[in-house]
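Quick note, the sequences are listed as chains H and C, same order.
Letter 45 of the first sequence, counting from 1, is numbered 45 in my numbering, and no numbers are missing.
Heads up, my numbering is the position in the second sequence plus 113, with the first residue counted as 1.
Where is the CB? At the ideal position from N, CA and C, for every residue including glycine.
To keep things clear, I will list the structure first and then write my remarks on it.
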Amino acid sequence: GNSVTQMEGPVTLSEEAFLTINCTYTATGYPSLFWYVQYPGEGLQLLLKATKADDKGSNKGFEATYRKETTSFHLEKGSVQVSDSAVYFCALSEIQGAQKLVFGQGTRLTINP
Amino acid sequence: GAVVSQHPSWVICKSGTSVKIECRSLDFQATTMFWYRQFPKQSLMLMATSNEGSKATYEQGVEKDKFLINHASLTLSTLTVTSAHPEDSSFYICSARDDISGRAPEQYFGPGTRLTVT
Chain H
1 GNSVTQMEGP
11 VTLSEEAFLT
21 INCTYTATGY
31 PSLFWYVQYP
41 GEGLQLLLKA
51 TKADDKGSNK
61 GFEATYRKET
71 TSFHLEKGSV
81 QVSDSAVYFC
91 ALSEIQGAQK
101 LVFGQGTRLT
111 INP
Chain C
114 GAVVSQHPSW
124 VICKSGTSVK
134 IECRSLDFQA
144 TTMFWYRQFP
154 KQSLMLMATS
164 NEGSKATYEQ
174 GVEKDKFLIN
184 HASLTLSTLT
194 VTSAHPEDSS
204 FYICSARDDI
214 SGRAPEQYFG
224 PGTRLTVT
């Protein structure tokens, strides 16, 4: 079945550091890929997405590229801020039918000033 | 736009009682809503897909008689945990998919409900 594996946290960085959170997936067919962010006390929000191979999703300085050859969708940001502290979830969905989401285990990111 | 609310945000109940959790799409209509369960420091696991006006579709291993789902309108789905036991204590999260307004049909998530069964 479909699955998502992302790097274990927690991850702690200093402000303005470079961020990478690794995500790899296993899927039949060609799913859509997502990064969601969960700020403290809030619901999950879509951060970015990519729907086909070589697509790059970007938002708020974050980027991720859909790599079919390595089945990966790593999240990157060049210079993190304290306000980026949150839990980040990588996810995939089928492109047909109910489009159910399958989530990775989440990575807690803490940015220190 | 695209706000999803859940009520209550947290609830404590005694073992053997039933608890109802509401999920509402506040500014859009959703024919499809999803219910997830999240254990501490773990990922979200899909429990069921809730379809307006029809029966929910449960994931393998989820007891449909224990987790009753009703999606009676385009803005409301409810999850009832029947005869709750301590092992049902968890964080329950719903999402709603906007597949009517013409926007990209992504899922919008509620803030979650923490259930503690004593």
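For residue i, decide whether its Cβ has a neighbour in chain C, counting only Cβ atoms nearer than 8 Å.
i: G43/H; result: yes
i: K52/H; result: no
i: F103/H; result: yes
i: K100/H; result: yes
i: G57/H; result: no
When you compare only the Cα positions, how much space is there between residue i and residue j?
i: G61/H; j: G78/H; result: 7 Å
i: E63/H; j: I213/C; result: 29 Å
i: K168/C; j: S118/C; result: 22 Å
i: G225/C; j: Y205/C; result: 5 Å
i: M160/C; j: Y171/C; result: 6 Å
i: S163/C; j: I125/C; result: 25 Å
i: G174/C; j: M158/C; result: 11 Å
i: T71/H; j: G129/C; result: 45 Å
i: G223/C; j: M146/C; result: 11 Å
Please list, in chain order, all residues of the same chain as residue i whose beta carbon is under 8 Å from its beta carbon, the five residues on each side excluded.
i: P10/H; result: T107, R108, L109, T110
Compare the C-alpha of residue i against each of the options and name the closest.
i: E69/H; options: K52/H, I21/H, S85/H; result: K52/H
i: S203/C; options: S122/C, V117/C, A115/C, S163/C; result: S122/C
i: S32/H; options: V102/H, S93/H, K100/H, L101/H; result: S93/H
i: T24/H; options: Y30/H, E42/H, G41/H, S3/H; result: S3/H
i: L75/H; options: V82/H, Y88/H, S83/H, Q81/H; result: Y88/H
i: E8/H; options: A115/C, A185/C, S131/C, K154/C; result: K154/C
i: V37/H; options: G104/H, N112/H, P113/H; result: G104/H
Going by beta carbon distance, what residues of the same chain come within less than 6 Å of residue i, once the five residues before and after it are set aside?
i: P199/C; result: V230
i: E16/H; result: S79
i: Q220/C; result: S208, R210
Within a Cβ cutoff of 7 Å, which residues of the same chain sit near residue i, ignoring the five residues on either side of it in sequence?
i: L48/H; result: W35, G57, S58, N59, F62, A64
Can you name the start and end residues of the beta strand (DSSP E) that residue i belongs to?
i: V102/H; result: 101 to 103
i: E200/C; result: Segment: none, E200/C is in no beta strand (DSSP E) and carries neither H nor E.
i: A91/H; result: 86 to 93
i: V117/C; result: 117 to 120
i: T5/H; result: 3 to 6
i: H184/C; result: 180 to 186
Does the beta carbon of residue i come closer than 8 Å to any beta carbon on chain H?
i: L219/C; result: Before going on, a small fix: residue 219/C reads as Glu here, not Leu. Yes, E219/C counts as interfacial toward chain H.
i: L192/C; result: no
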